[in-house]
Amino acid sequence: MKITKEQLRQIIKEELEEAQQSAAPQPKLKSDVGRVAAKLEKTSGMEGLLAAINNRQEFQEVMLQFIEMVSKEKLKPEDVKAGIRYVATTVLKAE
-18 MKITKEQLRQ IIKEELEEAQ QSAAPQPKLK SDVGRVAAKL EKTSGMEGLL
32 AAINNRQEFQ EVMLQFIEMV SKEKLKPEDV KAGIRYVATT VLKAE
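Last residue of the sequence shown? That's 76 in this note's numbering, and every number before it is there in order.
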């Protein structure tokens, strides 16, 4: 069976849409993110600790530690990768 250009385009389109949907935040996540953000804001001394990070290497180490903590229990590796890719793209677009 030979795949036509149109069929190939349709397959690629479907795969891209599926990848975008899996990277899109789920509605439940907003409440989870809100709870985490509220806890972080209430954690005494957190701003001072974060302010002490003053170079790229420290920033990278903190981000890796955070990603490991968040992904330890329930996240799939592909969700972690898609999330990092999304955040990196968003940060780079903001420049």
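Where is the CB? At the ideal position from N, CA and C, for every residue including glycine.
- Look at Ala69 here: in three-state DSSP terms it is helix.
- Taking C-alpha positions only, Ala19 is separated from Gln38 by approximately 27 Å.
- The criterion of a C-beta distance shorter than 8 Å is not satisfied by Phe40 and Ile48.
- Between Ser52 and Val61, the C-beta spacing is below 8 Å.
- Under the three-state reduction of DSSP output, Lys53 falls in the coil class, being neither helix nor strand.
- Pairing Gln(-12) with Glu(-2), the inter-Cα distance amounts to about 15 Å.
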